[in-house]
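Protein chains in written order, with our numbering: chain A, 1 to 275; chain B, 1001 to 1275.
Here is the structure we will look at, set down as structure tokens.
This is how it looks when you write it as structure tokens:
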């Protein structure tokens, strides 16, 4: 299997470093160069309270912060935000809200622990799932459009082509692509998309999201929270993501590659092309 | 590009669910079955204190809990552990230590936020890196052995072959494989390995680790903490992982595929076969 990346493609790709490496085979070593994805710590300060440090790719850090805070339930809408100040060199984003939410530190910490990257007990009891609203959108899309979008999507990421080391995500509407982003973190790529939508007032309801990485329960819940009815992955879903998608009314497709795709839930939204 | 998985292989693979899906092409839909990786929340209760909930694959939850607590600095050695009680159905692991560490809740929460999956500010300042000890091992390995190990490694995972949705990790010693595990979470797969080593008294110092997924800074720091001098990935490293590996004396290989590999740091540990 050949490497997925083509270092030759990537002269000056944002978010990468060019480094000296040794290329080794059974026959010996040879000095060469490689392009690697940058990774940086980003501390989010929310109303003067240090909230969390994420490891992420540089770029669109305001979107990442807004999307993360939205996913965590600390922001509801664009109008909640007074200002977002990014200091990329220091790895700090300050987000201030119109109403200076004075949350007890312990509650805040508790929230953070039980959600986010790889952590999320609070959502998983049946009761909690019932409290989450259903995605009611009647939007449909044809199978051939899904296959075409994914083909297009797989050519969008210069960072992935250069480094093989990032996840990407895109939001599509009836007229075409609305947002695209990529990050070393699967969750971050999705948060960057939804953060951009929040900051720019892009409507997410009724749209279609494509992601390169696996669909776990947390990705599914982020998508549900933004009322996106169709999520499509190049890769695999987990059983929990499939169950939640079924219950919340979301159409989930996985392994969308070449000329076929798996529809895991709510298949009525995927129409045949004869329609 | 063909799907990476072969559902036909997977009669009764542990950690999977068989579900009904629709397979769709431009020509229409067809009912079929698919195998998906299970995902479950696991709450770790440490000395009667609810510590964290991870999303993970079922299986070896005692190893996961021990490895996670070790990575977080809450366990140092096997003798610290009084007992580990796993209730897989409820998704709970209770770990009790000989000395009932009574950590202030706020400190504990603070720790958890700044480390773990996708979060890790505390380690990233130069001072912190300096405090971490160097990996001094003089172990070397031949290029051809690395290439052979990775080929073997890629055939070890029934869960990946069945679902395409998990990450795997293995620890190799001079005599062959010491531990293998897989999980929907990249960090969890590594924590399961080191947890098993901790519980069974398997020496990690001087060994070689292979992982399927990307090497980010947090994976690198977990490996450094266990004095593993050589880490090998089928996939890409980030720039931060490369920098830390260089500083901490770890040999990092990436894109080990077929007959070649990239050596990013401390290449002296990879010998040519003439040796």
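Quick reminder that beta carbons are idealized off the backbone N, C-alpha and C, glycines included.
Original post:
To which residues does DSSP link residue 1262 of chain B through a beta bridge?
Top reply: Your numbering for residue 1262 of chain B matches position 262 in the second chain. Residue 1262 of chain B pairs with A/23 and B/1254.
Original post:
Which runs of the beta strand (DSSP E) fall wholly inside the region 1007-1082 of chain B and span at least 3 residues, in chain order?
Top reply: Counting only runs of 3 or more, we get 1016-1025, 1028-1037, 1040-1046 and 1049-1056.
Original post:
Using a beta-carbon distance below 8 Å, is residue 1153 of chain B in contact with chain A?
Top reply: Locating residue 1153 of chain B in the second chain gives position 153, where the first residue counts as 1. Chain A places no beta carbon closer than 8 Å to that of residue 1153 of chain B, leaving this residue out of the contacts.
**OP:** Please name the residue in B/1169, B/1144, B/1183 and B/1205 whose C-alpha comes closest to that of residue 1272 of chain B.
**Re:** Start at 1 with the first residue of the second chain, and residue 1272 of chain B comes out as number 272. Selected option, being the one with the closest Cα: B/1144.
**OP:** In the DSSP assignment, find the unbroken alpha helix (DSSP H) run with residue 1161 of chain B in it and report its ends.
**Re:** One-based indexing of the second chain puts residue 1161 of chain B at position 161. Residues 1158-1163.
Subject >> Spatially closest choice to residue 216 of chain A from A/259, A/196, A/172 and A/232, by CA coordinates >> reply: Numbered from its first residue, the first chain carries residue 216 of chain A at position 216. Of A/259, A/196, A/172 and A/232, the smallest CA-CA separation from residue 216 of chain A is found for A/232.
**OP:** Find the residues of chain A that neighbour residue 1217 of chain B, judging by a C-beta separation of less than 9 Å, and give them in chain order.
**Re:** Residue mapping note: residue 1217 of chain B aligns to position 217 of the second chain, counting from 1. Going along chain A in sequence order, the residues near residue 1217 of chain B (Cβ under 9 Å) are 39, 41 and 55.
**OP:** Check whether the Cβ atoms of residue 1239 of chain B and residue 1068 of chain B lie closer than 8 Å to each other.
**Re:** Taking the second chain and counting its residues from 1, the one referred to as residue 1239 of chain B is at position 239. Taking the second chain and counting its residues from 1, the one referred to as residue 1068 of chain B is at position 68. In this structure, residue 1239 of chain B sits away from residue 1068 of chain B, with a CB-CB distance that is not shorter than 8 Å.
Original post:
Apart from the five residues just before and just after residue 15 of chain A, which ones in its own chain have a Cβ nearer than 7 Å to its Cβ?
Top reply: Translated into the one-based positions of the first chain, residue 15 of chain A becomes position 15. Excluding its 5 nearest sequence neighbours in each direction, residue 15 of chain A has C-beta neighbours in its own chain below 7 Å: 37, 38, 57, 58, 59 and 159, listed in chain order.
**OP:** Measure the Cβ-Cβ separation of residue 188 of chain A and residue 75 of chain A and say whether it is below 8 Å.
**Re:** In the first chain, residue 188 of chain A corresponds to position 188, counting from 1. In the first chain, residue 75 of chain A corresponds to position 75, counting from 1. Result no, Cβ atoms of residue 188 of chain A and residue 75 of chain A do not sit closer than 8 Å.
Original post:
How about residue 1018 of chain B and residue 1199 of chain B: do their beta carbons lie closer than 8 Å?
Top reply: Residue numbering aside, residue 1018 of chain B sits at position 18 when the second chain is read from its first letter. Residue numbering aside, residue 1199 of chain B sits at position 199 when the second chain is read from its first letter. Contact: no.
Original post:
Excluding five sequence neighbours on each side, which residues of the same chain lie with their C-beta closer than 7 Å to the C-beta of residue 96 of chain A?
Top reply: Position 96 of the first chain holds residue 96 of chain A. 47, 82 and 83, listed in sequence order.
Original post:
With C-beta atoms as the reference, is residue 1252 of chain B less than 8 Å away from residue 1264 of chain B?
Top reply: Numbered from its first residue, the second chain carries residue 1252 of chain B at position 252. Numbered from its first residue, the second chain carries residue 1264 of chain B at position 264. Cβ atoms of residue 1252 of chain B and residue 1264 of chain B: closer than 8 Å.
Original post:
Got a sec: is the Cβ-Cβ distance from residue 224 of chain A to anything in chain B below 8 Å?
Top reply: For the purposes of this step, residue 224 of chain A is identified with residue 224 of the first chain, where counting begins at 1. Chain B, which has no Cβ nearer than 8 Å to the Cβ of residue 224 of chain A, makes this no.
**OP:** Flag this pair as yes or no: are the beta carbons of residue 1220 of chain B and residue 1197 of chain B separated by less than 8 Å?
**Re:** Here residue 1220 of chain B refers to the residue found at position 220 of the second chain. Here residue 1197 of chain B refers to the residue found at position 197 of the second chain. Against a cut-off of 8 Å, the Cβ pair of residue 1197 of chain B and residue 1220 of chain B comes out as no contact.
Original post:
In whole angstroms, what is the alpha-carbon distance linking residue 242 of chain A and residue 1035 of chain B?
Top reply: For this step, residue 242 of chain A is matched to residue 242 along the first chain. For this step, residue 1035 of chain B is matched to residue 35 along the second chain. Straight-line Cα distance between these residues: approximately 11 Å.
Original post:
Per DSSP, what kind of secondary structure is residue 1148 of chain B in: helix, strand or coil?
Top reply: On the second chain, position 148 is the one that residue 1148 of chain B refers to. In the structure shown, the three-state DSSP call for residue 1148 of chain B is helix.
Original post:
Relative to chain B, which residues along the region 190-218 of chain A have a C-beta separation below 8 Å, given in chain order?
Top reply: So the list reads 214, 216, 217 and 218, given in the order they occur along the chain.
Original post:
Using the beta-carbon of each residue, which ones in chain B are nearer than 7 Å to residue 87 of chain A?
Top reply: The sequence position of residue 87 of chain A within the first chain is 87, counting from 1. Neighbours of residue 87 of chain A in chain B, taken as residues whose beta carbon is under 7 Å from its own, are absent, since the nearest beta carbon is some 14 Å off.
**OP:** Let me know the secondary structure DSSP gives residue 1268 of chain B once reduced to three states.
**Re:** By one-based count along the second chain, residue 1268 of chain B stands at place 268. If DSSP states are grouped into helix, strand and coil, residue 1268 of chain B belongs with the helices.
Subject >> With 16 other Cβ atoms within 10 Å as the buried cut-off, status of residue 183 of chain A >> reply: Indexing the first chain from 1 puts residue 183 of chain A at position 183. Buried is the call here.
**OP:** Using 10 angstroms around the beta-carbon of residue 1176 of chain B, count the other beta-carbons present and answer buried if the total reaches 16, otherwise exposed.
**Re:** By one-based count along the second chain, residue 1176 of chain B stands at place 176. Burial call: exposed.
Original post:
Candidates A/164, A/169 and A/213: which alpha carbon is nearest residue 1256 of chain B's?
Top reply: Within the second chain, numbered from 1, the residue matching residue 1256 of chain B stands at position 256. Minimum Cα distance to residue 1256 of chain B is reached at A/164.
Original post:
Name the residues in the region 1250-1273 of chain B whose C-beta lies less than 7 Å from a C-beta of chain A; which are they?
Top reply: If the cut-off is 7 Å between Cβ atoms, the region 1250-1273 of chain B has 1255, 1257, 1258, 1259, 1260, 1261, 1262, 1263, 1264, 1267, 1270, 1272 and 1273 near chain A.
Original post:
Quick one: Cα of residue 1195 of chain B to Cα of residue 21 of chain A, how far?
Top reply: As a first step, residue 1195 of chain B is located in the second chain; it is residue number 195 there, counting from the start. As a first step, residue 21 of chain A is located in the first chain; it is residue number 21 there, counting from the start. Whole-angstrom Cα-Cα distance: 32 Å.
Original post:
Going along the chain, which residues of its own chain have a beta-carbon closer than 7 Å to the beta-carbon of residue 1134 of chain B, five neighbours each way excluded?
Top reply: Counting from one through the second chain, the residue named residue 1134 of chain B turns up at place 134. Answer for residue 1134 of chain B: 1248 and 1249, listed in chain order.
Subject >> Continuous alpha helix (DSSP H) stretch holding residue 187 of chain A: start and end >> reply: Residue numbering aside, residue 187 of chain A sits at position 187 when the first chain is read from its first letter. Segment 186-200, the alpha helix (DSSP H) holding residue 187 of chain A.
Subject >> Nearest residue (CA-CA) to residue 1090 of chain B, options B/1203, B/1044 and B/1152 >> reply: On the second chain, position 90 is the one that residue 1090 of chain B refers to. Ranking B/1203, B/1044 and B/1152 by Cα distance to residue 1090 of chain B puts B/1044 first.
Original post:
What residues from the region 1160-1183 of chain B come within 7 Å of chain A, judged by C-beta to C-beta, listed N to C?
Top reply: Answer in chain order: 1163, 1164 and 1165.
Original post:
In chain B, which residues lie less than 9 Å from residue 138 of chain A when you measure between Cβ atoms?
Top reply: As a position in the first chain, residue 138 of chain A is number 138, starting the count at 1. Here the premise fails: no neighbours, minimum Cβ distance about 19 Å.
**OP:** Tell me whether residue 1096 of chain B sits in a helix, a strand or coil according to DSSP, three-state version.
**Re:** Mapped onto the second chain, residue 1096 of chain B falls at position 96. Correct three-state label for residue 1096 of chain B: strand.
**OP:** State buried or exposed for residue 261 of chain A, treating a residue as buried only when at least 16 other CB atoms are found within 10 Å of its CB.
**Re:** In the first chain, the residue the question calls residue 261 of chain A occupies position 261. So residue 261 of chain A ends up on the buried side.
Original post:
With which residues is residue 1179 of chain B paired in a DSSP beta bridge?
Top reply: Start at 1 with the first residue of the second chain, and residue 1179 of chain B comes out as number 179. Listed as beta-bridge partners of residue 1179 of chain B by DSSP are B/1171.
Original post:
Taking residue 1180 of chain B as the reference, which of B/1236, B/1168, B/1173 and B/1174 has the closest Cα?
Top reply: Numbered from its first residue, the second chain carries residue 1180 of chain B at position 180. Closest by alpha carbon: B/1168.
**OP:** Kindly indicate if chain B contains any beta-carbon less than 8 Å away from that of residue 248 of chain A.
**Re:** Here residue 248 of chain A refers to the residue found at position 248 of the first chain. Not an interface residue.
Subject >> C-alpha distance - residue 1223 of chain B paired with residue 1185 of chain B, whole-angstrom precision >> reply: For the purposes of this step, residue 1223 of chain B is taken as the residue at position 223 of the second chain. For the purposes of this step, residue 1185 of chain B is taken as the residue at position 185 of the second chain. Their backbone Cα atoms lie some 16 Å apart in a straight line.
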